[in-house]
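Peer 1: Read left to right, the sequence shown gives residues 1 to 269 (UniProt numbering). Glycine residues also receive a C-beta, built at the ideal position from the N, C-alpha and C atoms.
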Amino acid sequence: MKKVLTIAGSDSCGGAGIQADIKTMDALGVYGMSVICAVTAQNTMGVEDVQDMTPDIVRAQIDAIFTDIEVDAVKIGMVSSPEIIRVIKERLIFYKAKKIVVDPVMVSKSGYHLLKKKAIDELKGLISIADIVTPNIPEAEVLTGLNIITEEDMKNAAKNIIKMGVKSVLIKGGHRCNDATDILLYKENFLVIPGKKIDTENTHGTGCTLSSSIASQLAKGFSIKESVILSKKYITKAIENSFALGKGVGPVGHLIDLYKRGGTDYGEN
Ligand SMILES: Nc1ncnc2c1ncn2[C@@H]1O[C@H](COP(=O)(O)OP(=O)(O)OP(=O)(O)O)[C@@H](O)[C@H]1O
Ligand SMILES: Cc1ncc(COP(=O)(O)O)c(N)n1
1 MKKVLTIAGS DSCGGAGIQA DIKTMDALGV YGMSVICAVT AQNTMGVEDV
51 QDMTPDIVRA QIDAIFTDIE VDAVKIGMVS SPEIIRVIKE RLIFYKAKKI
101 VVDPVMVSKS GYHLLKKKAI DELKGLISIA DIVTPNIPEA EVLTGLNIIT
151 EEDMKNAAKN IIKMGVKSVL IKGGHRCNDA TDILLYKENF LVIPGKKIDT
201 ENTHGTGCTL SSSIASQLAK GFSIKESVIL SKKYITKAIE NSFALGKGVG
251 PVGHLIDLYK RGGTDYGEN
């Protein structure tokens, strides 16, 4: 079984962060492992509080895994502070980590700043060692300083981000009003991945789910292009199967949930 590591934050209500990542990995048939960078107290209505881990315990978790287990792919999500990001980059280079996916998580859907503003430069450094980075539109705007409205703007932002040294860039279109088309820049070519906007409030954890699916598919040996296409199918089905939970924004339905709830079509994996 392929082994995939998520380096991210814990979401107490289980819709995003480490919990979404592990659920996705489980559904896609890879073995999920975690390095926790921060513990958030959050529910479907928002983030109440955050406790960052110390850089030392982040380093110790990474060392514990890489000194014992062969890691086939790594997904990085909420990384909080410049100090934590520096440790992650140094250790991943030290262990020659393969197939690195960076989801540059900055602000939660509920508006809480999960990345300290002073950490943007370090985050760009971490992006430079990745195989793929998956910003949503507001994150791509912060990384590039560009205003992104059209598909052409998304392409320009991707060209700008690839100059940071990353091998490929996926700009996610979920924040646009009428469309959920994503744009992949890969080996100097653009791939437009069409998506229709699904009418649901329950989109907590969409970005975490997509990036951990990409890492899982890369671990299985698919190319970046194949992994992104398979993962777009996975997240689309997961959003179609999203459900109400609590009083706010509910989570996506992982295909293993669908299976357990009696469904039979859990898609290509
Ligand atoms: N309502 C929707 N209908 C269909 N696809 C969607 C919808 N919302 C998001 N997506 C898709 O989900 C994936 C994740 O995109 P999104 O822009 O939501 O990421 P994100 O903002 O980083 O997520 P998160 O805030 O959970 O980290 C993309 O493929 C995007 O096109
Ligand atoms: C620990 C953690 N990581 C990531 C997100 C982003 O997800 P969303 O934008 O859906 O709130 C989150 N809310 N919490």
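If you measure from the CB of Gln61, is any heavy atom of ligand 2 nearer than 7 angstroms?
Peer 2: no
Peer 1: Report the residue ranges of all alpha helix (DSSP H) runs contained in full by the segment 78-109; include only those spanning at least 4 residues, in chain order.
Peer 2: 82-94
Peer 1: When the Cα atoms are used, what is the spatial distance from Asn178 to Lys196?
Peer 2: 8 angstroms
Peer 1: In angstroms, rounded to a whole number, what distance separates the CA positions of Ala8 and Lys172?
Peer 2: 19 angstroms
Peer 1: Taking Tyr112 as part of the beta strand (DSSP E), name the residues at either end of that continuous run.
Peer 2: Tyr112 -> no beta strand (DSSP E), and no H or E assigned at all.
Peer 1: Would you mind working out which of Tyr112, Asp131, Val47 and Cys37 sits nearest residue 297, comparing C-alpha positions?
Peer 2: Outside the displayed span of the chain (1 to 269) sits residue 297, for which this structure offers no information.
Peer 1: Relative to the C-alpha of Gln61, which candidate in Met33, Asp26, Glu48 and Gln42 has its C-alpha closest?
Peer 2: Met33
Peer 1: Report yes if the C-beta distance between Leu185 and Ile162 is below 8 angstroms; otherwise report no.
Peer 2: yes
Peer 1: Output the distance between the C-alpha atoms of Asp56 and Thr150, rounded to the nearest integer angstrom.
Peer 2: 42 angstroms
Peer 1: Report whether the distance from the Cβ of His254 to the nearest heavy atom of ligand 1 is below 7 angstroms.
Peer 2: no
Peer 1: At the level of alpha carbons, what is the spacing between residue 344 and Pro135?
Peer 2: In the structure displayed, the chain extends from 1 to 269; residue 344 sits before or after that span and is not available.
Peer 1: Report the residue ranges of all alpha helix (DSSP H) runs contained in full by the segment 180-245; include only those spanning at least 4 residues, in chain order.
Peer 2: As far as the segment 180-245 is concerned, its whole alpha helix (DSSP H) runs of at least 4 residues are 206-219 and 224-240.
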